[in-house]
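Protein sequences, first through last, are from chains X and P. Numbering of the first sequence is given in the numbering used here, commencing with residue 1 and proceeding in unit increments. Numbering of the second sequence is given in the numbering used here, commencing with residue 1 and proceeding in unit increments. Glycine residues also receive a C-beta, built at the ideal position from the N, C-alpha and C atoms. From a predicted model like this one, the values you see are computed outputs, not experimental measurements.
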Amino acid sequence: SGPLEIQNEHLRVLFDPLTGHLREIQNLEKGISLPVFQNFYWYAASAGDAASPQASGAYIFRPSSGPIPVAKRVSTALLKTPLVQELHQNFSSWCSQVVRLRPGQPFLELEWTLGPIPVGDSVGKELITRFQTPLATAGRFFTDSNGRQILERRRDYRPTWNLSQTEPVAGNYYPVNTRIFIQDEKLQLSVLTDRSQGGSSVQDGALELMVHRRLLHDDERGVGEPLDEALVVRGRHLVLLDPVGAASDGHRGRAQELVTPPHLILAPGKGPHLRQA
Amino acid sequence: CGDSSVLREAVAVAQHHDAVTGTERQHVANDYARRLSEGWASCQVLVANALSLLGGSKDPLVFCNALNVSVCPLTETSTHFTVILYNSLARRVSWPVRLPVNGTCYEVMDPQGHPLPSQVSPDPPRTIPYPERAGGAQGELLFQAFAPPLGFSTFRIRQLSRGSPQDPPKSVLEG
Chain X
1 SGPLEIQNEH
11 LRVLFDPLTG
21 HLREIQNLEK
31 GISLPVFQNF
41 YWYAASAGDA
51 ASPQASGAYI
61 FRPSSGPIPV
71 AKRVSTALLK
81 TPLVQELHQN
91 FSSWCSQVVR
101 LRPGQPFLEL
111 EWTLGPIPVG
121 DSVGKELITR
131 FQTPLATAGR
141 FFTDSNGRQI
151 LERRRDYRPT
161 WNLSQTEPVA
171 GNYYPVNTRI
181 FIQDEKLQLS
191 VLTDRSQGGS
201 SVQDGALELM
211 VHRRLLHDDE
221 RGVGEPLDEA
231 LVVRGRHLVL
241 LDPVGAASDG
251 HRGRAQELVT
261 PPHLILAPGK
271 GPHLRQA
Chain P
1 CGDSSVLREA
11 VAVAQHHDAV
21 TGTERQHVAN
31 DYARRLSEGW
41 ASCQVLVANA
51 LSLLGGSKDP
61 LVFCNALNVS
71 VCPLTETSTH
81 FTVILYNSLA
91 RRVSWPVRLP
101 VNGTCYEVMD
111 PQGHPLPSQV
121 SPDPPRTIPY
131 PERAGGAQGE
141 LLFQAFAPPL
151 GFSTFRIRQL
161 SRGSPQDPPK
171 SVLEG
């Protein structure tokens, strides 16, 4: 079959034909491209260890493992029509994603459906999506503050005190309300969220967002029960690739649209006769 | 009788840090969800009343709360319906609309009565199990809608034929 790619007038997005993962994003308008590998991973939740009895729970994010990929290869189905181009990726029976491009849209849409997270192995799981690029980010990444100010974050660093980092993953997670991005001197990769999530860049050139979690232990911080809901969640991320100087123009307006989308109301037949603006 | 204060109070309660971060107990999470659901239902009545007043019509309005999982009884069973898009932003937006349908071909008219490009997209090949859709619709009607700043746009949709959606122009299944 043909190459695994989707394209509109703004973007061309390539996928690995063997594994089905996102491989590269090309911004045709700006003449730039960036290898981007995206996958879903999970961190094993801590049940307490020799260093500390602290377990992962509703309040406490304390992974006891590195990120474990949900799937090394994904099943895919490509759908190309005049109004939309989609690659459906099936990572597992509880993890899937649709990667979508529409005509006129200068961003890539990722719609993920996750859950119920399996816990038959008695391990709590905190699920992330991670984007890996060759960008030389030198430990720097950016998150928004309640949709307004963009704050620079630096790995293993706090601007107002000397940090002794004891949690290399959780200690570098920050709130993401509408967007997170990484950049080098030329390019910026931005990911917009449709809800508040935790996010980080625990490796240079990578950014990740926590998308779902299911835990089996109480963290003894007052909740009194594990966060053990077998929920299915669906959400969207918008991915933008731009030159650094032009990036904010793209992500500011898009972030507003994502958190306050239009409301859709239906009526049988002709419906009310509303005066059109 | 619609009432926005039900949702206002539910959202106010949900400003508690446990509701914002999801660190509440399960029965409290259920209560937050119940309050928000009741608040939204009450607001829907208010919005429907306002639109009926503005449009001079007593026809019922429908809110499909499960559109994110492609479930909407109205669009799945009707051959003629209207989509109203309300934009709360202070600038024009263009927004992709996806509606679960069971027909093959539909005509979508924009607010000025001009036809809009649309298509019925069938399910991609079902040889891979992915939980994309919860409903029983055979396809999804896609079109690019738009709405003015802080305003409404109405799109009238009519089914032109019955039957199963056609195959997409190009559909490739990878291992």
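Taken through DSSP and simplified to helix, strand or coil, X:Asn8 comes out as coil. Across the structure, P:His17 and X:Ala55 are spaced so that their CA atoms are roughly 21 angstroms apart. Note: X:His88 is bridge-paired with X:Ala77 and X:Val98 in the DSSP secondary-structure output. Exposed is the label assigned to X:Asn162, since fewer than 16 other Cβ atoms lie within 10 Å of its Cβ. Under the Cβ criterion of 8 angstroms, P:Val47 is counted among the residues facing chain X.
For X:Gln105 against X:Gly20, the beta-carbon gap comes to about 22 angstroms, at or over 8 angstroms, which does not count as contact. At a cut-off of 8 angstroms between beta-carbon atoms, X:Gly124 makes no contact with chain P. Taking 8 angstroms as the cut-off, the Cβ atoms of X:Thr129 and X:Glu208 count as close.
With its beta carbon at least 8 angstroms from every one in chain X, P:Thr104 lies outside the interface. Within a 10 Å sphere around the beta-carbon of X:Gly124 sit 16 or more other beta-carbons, which makes this residue buried. Proximity to X:Pro82 across P:Phe155, P:Ser121 and P:Gly151 peaks at P:Ser121, based on C-alpha coordinates.
Here DSSP, grouped into helix, strand and coil, assigns P:Gln26 to helix. The Cβ atoms of X:Gly199 and X:Ile182 lie no closer than 8 angstroms to each other. Taking X:Leu4 as reference, the option from X:Val70, X:Gln188, X:Pro243 and X:Thr76 with the minimal CA-CA separation is X:Thr76.
Taking C-beta atoms under 8 angstroms as the contact rule, X:Ser96 and X:Thr113 qualify, at a distance of about 5 angstroms. Using a CB distance below 9 angstroms, the part of the region 79-94 of chain P facing chain X consists of His80, Phe81, Thr82, Val83, Ile84, Leu85, Tyr86, Asn87, Ser88, Leu89, Arg91, Val93 and Ser94, ordered along the chain.
Where X:Gly245 is concerned, the enclosing alpha helix (DSSP H) starts and stops at Val244 to Val259.
Taken through DSSP and simplified to helix, strand or coil, X:Ala58 comes out as coil. In the three-state reduction of the DSSP assignment, P:Gly56 falls in the coil class, being assigned neither a helical nor a strand state. In chain P, no part has a C-beta under 9 angstroms from the C-beta of X:Lys30; the shortest such distance is about 21 angstroms. Within the region 187-227 of chain X, the runs of beta strand (DSSP E) at least 3 residues long that lie entirely inside it are, in chain order, 187-193, 197-200 and 206-214. Linking X:Leu231 to X:Gly245 through their CA atoms gives a straight-line distance of about 40 angstroms. Remark: C-beta atoms of X:Thr133 and X:Gly250 do not approach each other more closely than 8 angstroms.
Its Cα nearest to that of X:Pro168, the residue X:Val202 stands out among X:Val202, X:Leu22, X:Ala136 and X:Leu274. The Cβ atoms of X:Leu22 and X:Val99 lie closer than 8 angstroms to each other.
Taking 8 angstroms as the cut-off, the beta carbon of X:Glu9 is found no closer than this to the beta carbon of X:Leu34. For P:Pro122, DSSP records a beta bridge to P:Gly139.
Shown here for P:Ser88: same chain residues with a beta carbon closer than 7 angstroms to its own, the five before and five after excluded, namely Leu150 in chain order.
Membership of X:Arg23 in the beta strand (DSSP E) is indicated by the continuous run Leu22 to Asn27.
With at least 16 other beta carbons inside 10 angstroms of its own, P:Thr82 counts as buried.
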